[in-house]
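Those letters in the sequence shown? Residues 0 to 414, by numbering that gives the first Met the number 0.
First comes the structure, then the notes that go with it.
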Amino acid sequence: MPSPYRAIFAAPGSRGFSAAGFFGRMPLSMMGIGVVTMISQLTGRYGLAGALSATLAMSAAVCGPQVSRLVDRYGQRRVLRPVTLVAVAAVAGLLICAHRGTPEWTLFVFAAGAGCVPSVGSMVRSRWAAIYRGSARDLHTAYAWESIVDEVCFIFGPIISIGLSTAWFPQAGPLIAAAFLLTGVFWLTAQRATEPVPHPASRHTRGSALRSRGLQVLVAAFVATGAVFGGVDVVTVAFAEERGQKGAASLVLAVYALGSCLAGAVFGLLHLKGDPGRRWLVGVCAMAVSMIPLQLAGNLPLLAVALFVAGLAIAPTMVTTMALVEAHVPRSRLTEGMTWTSTGLAVGVALGSATAGWVVDAAGAQAGYAVPAVAGALAAAVAFLGYRRLAGPAATGGRGQDDRHLRTDDDERVA
Numbered sequence: 000m001p002s003p004y005r006a007i008f009a010a011p012g013s014r015g016f017s018a019a020g021f022f023g024r025m026p027l028s029m030m031g032i033g034v035v036t037m038i039s040q041l042t043g044r045y046g047l048a049g050a051l052s053a054t055l056a057m058s059a060a061v062c063g064p065q066v067s068r069l070v071d072r073y074g075q076r077r078v079l080r081p082v083t084l085v086a087v088a089a090v091a092g093l094l095i096c097a098h099r100g101t102p103e104w105t106l107f108v109f110a111a112g113a114g115c116v117p118s119v120g121s122m123v124r125s126r127w128a129a130i131y132r133g134s135a136r137d138l139h140t141a142y143a144w145e146s147i148v149d150e151v152c153f154i155f156g157p158i159i160s161i162g163l164s165t166a167w168f169p170q171a172g173p174l175i176a177a178a179f180l181l182t183g184v185f186w187l188t189a190q191r192a193t194e195p196v197p198h199p200a201s202r203h204t205r206g207s208a209l210r211s212r213g214l215q216v217l218v219a220a221f222v223a224t225g226a227v228f229g230g231v232d233v234v235t236v237a238f239a240e241e242r243g244q245k246g247a248a249s250l251v252l253a254v255y256a257l258g259s260c261l262a263g264a265v266f267g268l269l270h271l272k273g274d275p276g277r278r279w280l281v282g283v284c285a286m287a288v289s290m291i292p293l294q295l296a297g298n299l300p301l302l303a304v305a306l307f308v309a310g311l312a313i314a315p316t317m318v319t320t321m322a323l324v325e326a327h328v329p330r331s332r333l334t335e336g337m338t339w340t341s342t343g344l345a346v347g348v349a350l351g352s353a354t355a356g357w358v359v360d361a362a363g364a365q366a367g368y369a370v371p372a373v374a375g376a377l378a379a380a381v382a383f384l385g386y387r388r389l390a391g392p393a394a395t396g397g398r399g400q401d402d403r404h405l406r407t408d409d410d411e412r413v414a
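Here it is as structure tokens:
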């Protein structure tokens, strides 16, 4: 392990909570694609599969920030364990209904419940922020490390989920994803020494971390970015199936994540200066441009190469995003602020998955890659239009500030 990464793990307990976070985040890459694989195998309908995956993502988008707000107030252990048990029970209901062929509305009900999962990545990053709040360079490395962990999840998660569902039984992927979630969350919450100190209600103002104008830009751009990811996942599975190699979809998606993983590892070694908002803008635009070659890929090897190149822009952009969130959101709402970016991604994944499923059913997989291309263009447009909100000093005053510094649109108009 390169020395900057080795240095951040000198903090007591850091190895344990990062490892637990890895297991807890595996469902992020397994559940949606597992449901798509399961439903497409059982019914052959990618429209239904994409809609259920979208329901999962939308539920996570609605519930995630609320869960994280409660975590900021009451602590990770008290909130995450009961929420996780509810989500796992809903997954069980979804799998039973899919197996028995119950009416479609029952699938959507349980999919909505299964989406009530905590944002484990935000929980882990908030622990790093509590440890290294005074050291920007160490925190940059820690965020880069967690982005690498995210991408490792996306390398192995689809392989496990699609592989088990195609080789074992259709429900196997979501089932194992639920097991990972249960293991990761309970392991993480058992580690009390590194749990961030809750901020009681008396230290919170009304409203949400989303009142931050900078965070609004990040979340809006991430909605479009999530549509890129959701579209790529669904269309790639269909693309591989059209060529009689559905199981190979997991390997192709793993290559996509591998590109991001390698880029994140290098990015974490760099000590970058200058405006992080500008770096973020460049990263979003690079992700948008990288969707263009997918339209030209006529076979799986070419598609894998195109996705590897596309993946190189992901992790650096995500790392920069977390640094911007930490700068623009007060300490008492940090977990919630980080979760809002995940929420933006989840909403985008929902929209991208559903839209891509409909396009695939109507026009085939090759046409489906237009969905992530359009979504990437929208993300770049939002980034350009909102860049000024990120380019200047953070409205909150940066790290360690409290709710008194959170400025709203009304505050700025008065000023």
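Just so you know, even glycine gets a beta-carbon here, dropped at the ideal spot from N, CA and C.
Computed from a prediction, not measured in an experiment: that's the story for all the values here.
ask   = When you compare only the Cα positions, how much space is there between residue 262 and residue 174?
value = Your numbering for residue 262 matches position 263 in the sequence shown. Your numbering for residue 174 matches position 175 in the sequence shown. Rounded to the nearest whole angstrom, the CA to CA distance from residue 262 to residue 174 is 31 Å.
query = So with Cβ pairs under 8 Å, would you call residue 46 a contact of chain D?
reply = Absent from the structure is chain D; it holds one protein chain and no more.
task = Take residue 334 and list the residues in its own chain whose beta-carbon comes closer than 6 Å to its own, dropping the five residues that flank it on each side.
result = Here the question's residue 334 lines up with position 335 in the sequence shown. 67, 70, 71, 121, 125, listed in sequence order.
inquiry  = Residues in the same chain with beta-carbon distance under 6 Å from residue 10, minus the five sequence neighbours each way, listed in chain order, please.
reply    = Mapped onto the sequence shown, residue 10 falls at position 11. Only 130 meet the Cβ criterion.
ask   = Using the C-alpha atoms, what's the distance from residue 373 back to residue 176?
value = In the sequence shown, counting from the first residue as 1, residue 176 sits at position 177. In the sequence shown, counting from the first residue as 1, residue 373 sits at position 374. Whole-angstrom Cα-Cα distance: 30 Å.
ask   = Can you tell me the Cα-Cα spacing of residue 236 and residue 152, whole angstroms?
value = For this step, residue 236 is matched to residue 237 along the sequence shown. For this step, residue 152 is matched to residue 153 along the sequence shown. Using only the alpha carbons, I get a separation of about 18 Å.
message = Contact defined as beta carbons within less than 8 Å: I believe residue 322 pairs with residue 142. What is the distance between those atoms, to the nearest angstrom?
response = The sequence position of residue 322 within the sequence shown is 323, counting from 1. The sequence position of residue 142 within the sequence shown is 143, counting from 1. Contact between residue 322 and residue 142 is confirmed by a C-beta separation of about 6 Å, below the 8 Å threshold.
inquiry  = When you compare the CB positions of residue 165 and residue 33, do they come within less than 8 Å of one another, or not?
reply    = Taking the sequence shown and counting its residues from 1, the one referred to as residue 165 is at position 166. Taking the sequence shown and counting its residues from 1, the one referred to as residue 33 is at position 34. Cβ atoms of residue 165 and residue 33: not closer than 8 Å.
request  = Helix, strand or coil for residue 155, going by three-state DSSP, please let me know.
outcome  = To locate residue 155, count along the sequence shown from 1; it is residue 156. Residue state, collapsed to three classes: helix.
message = Just to confirm the assignment, what range does the alpha helix (DSSP H) spanning residue 290 have?
response = As a first step, residue 290 is located in the sequence shown; it is residue number 291 there, counting from the start. No residue range can be given for residue 290, since it is assigned to no alpha helix (DSSP H) and is classified by DSSP as neither H nor E.
key: Euclidean distance between Cα positions of residue 217 and residue 276   = Counted from its first residue, the sequence shown places residue 217 at position 218. Counted from its first residue, the sequence shown places residue 276 at position 277. Distance between residue 217 and residue 276, taken at the CA atoms: about 10 Å.
query = In or out: residue 310 buried (at least 16 other Cβ within 10 Å) or exposed?
reply = Here the question's residue 310 lines up with position 311 in the sequence shown. Residue 310 comes out buried.
task = Taking residue 193 and residue 22 to be in contact with their CB atoms under 8 Å, please state how far apart those CB atoms are, rounded to whole angstroms.
result = As a first step, residue 193 is located in the sequence shown; it is residue number 194 there, counting from the start. As a first step, residue 22 is located in the sequence shown; it is residue number 23 there, counting from the start. Rounded, the Cβ-Cβ distance is 16 Å, inconsistent with contact.
request  = Identify the continuous alpha helix (DSSP H) that holds residue 417 and give its terminal residues.
outcome  = Since the first residue shown for the chain is 0 and the last is 414, residue 417 is missing from the structure and cannot be characterised.
ask   = Where does residue 265 land, buried or exposed, given buried means 16+ other C-beta within 10 angstroms?
value = Position 266 of the sequence shown, counted from the start, is the residue given in the question as residue 265. That one is exposed.
ask   = Do the CB positions of residue 63 and residue 89 come within less than 8 Å of each other?
value = Start at 1 with the first residue of the sequence shown, and residue 63 comes out as number 64. Start at 1 with the first residue of the sequence shown, and residue 89 comes out as number 90. The answer is no: Cβ separation not under 8 Å.
key: Sub-8 Å separation of residue 415 and residue 284 beta-carbons   = Nothing can be reported for residue 415: it is not among the residues displayed for the chain, which extend from 0 to 414.
key: Residues of its chain near residue 353, where Cβ-Cβ distance is below 6 Å and the 5 sequence neighbours each way are ignored   = On the sequence shown, position 354 is the one that residue 353 refers to. If we look at residue 353 and ignore the five residues flanking it on each side, its Cβ neighbours are 49, 50, 53.
task = Can you tell me the Cβ-Cβ gap for residue 98 and residue 215, rounded? I've got them flagged as a contact below 8 Å.
result = For this step, residue 98 is matched to residue 99 along the sequence shown. For this step, residue 215 is matched to residue 216 along the sequence shown. Cβ atoms of residue 98 and residue 215 stay farther apart than 8 Å, at about 42 Å.
inquiry  = Pairs of beta-carbons, one from the segment 279 to 296 and one from the segment 335 to 350, closer than 8 Å: are there three or more?
reply    = Flag = no, the segment 279 to 296 and the segment 335 to 350 do not touch.
request  = Compare the beta carbon distance of residue 123 and residue 17 with 8 Å and say whether it is the shorter of the two.
outcome  = The residue given as residue 123 occupies position 124 in the sequence shown. The residue given as residue 17 occupies position 18 in the sequence shown. Cβ atoms of residue 123 and residue 17: closer than 8 Å.
inquiry  = Here's the rule I'm using: 16 or more other beta-carbon atoms within 10 Å means buried, otherwise exposed. How should residue 270 be labelled?
reply    = The sequence position of residue 270 within the sequence shown is 271, counting from 1. Looking at its Cβ environment, which holds fewer than 16 other Cβ atoms inside 10 Å, residue 270 is exposed.
request  = Name the residue from 238, 154, 61 whose alpha carbon lies nearest to the alpha carbon of residue 369.
outcome  = As a first step, residue 369 is located in the sequence shown; it is residue number 370 there, counting from the start. It is 238.
request  = Compute the Euclidean distance between the alpha carbons of residue 223 and residue 108, then round it to the nearest angstrom.
outcome  = The sequence position of residue 223 within the sequence shown is 224, counting from 1. The sequence position of residue 108 within the sequence shown is 109, counting from 1. Each residue's alpha carbon lies about 26 Å from the other.
inquiry  = Does residue 272 come out as helix, strand or coil in the three-state DSSP assignment?
reply    = Here residue 272 corresponds to residue number 273 of the sequence shown, with the count starting at 1. Coil, per DSSP.
task = Measure from the alpha carbon of residue 366 to the alpha carbon of each residue in 234, 302, 325, 280, then state which is nearest.
result = Counting from 1 along the sequence shown, the entry for residue 366 is found at position 367. That would be 234, whose Cα lies nearest to the Cα of residue 366.
message = Would residue 20 and residue 187 qualify as a contact pair, given that the criterion is a beta-carbon distance under 8 Å?
response = For the purposes of this step, residue 20 is taken as residue 21 along the sequence shown, with counting starting at 1. For the purposes of this step, residue 187 is taken as residue 188 along the sequence shown, with counting starting at 1. Their beta carbons are under 8 Å apart, which means residue 20 touches residue 187 by this criterion.
query = Roughly how many whole angstroms lie between the Cα atoms of residue 240 and residue 36?
reply = Along the sequence shown, read from residue 1 onward, the residue named residue 240 stands at position 241. Along the sequence shown, read from residue 1 onward, the residue named residue 36 stands at position 37. Going by the C-alpha atoms only, they are around 11 Å apart.
request  = Could you tell me the distance, in whole angstroms, from the CA atom of residue 76 to the CA atom of residue 197?
outcome  = Indexing the sequence shown from 1 puts residue 76 at position 77. Indexing the sequence shown from 1 puts residue 197 at position 198. Rounded to whole angstroms, residue 76 to residue 197 spans 11 Å at the Cα level.
request  = Given a cut-off of 8 Å, decide if residue 57 and residue 114 are closer than it, judged by their beta-carbon atoms.
outcome  = As a first step, residue 114 must be located in the sequence shown, where it is residue number 115. As a first step, residue 57 must be located in the sequence shown, where it is residue number 58. Going by C-beta atoms, residue 114 is nearer than 8 Å to residue 57.
key: Nearest neighbour of residue 242, chosen from 279, 251, 232, 299 [CA to CA]   = As a position in the sequence shown, residue 242 is number 243, starting the count at 1. Minimum Cα distance to residue 242 is reached at 299.
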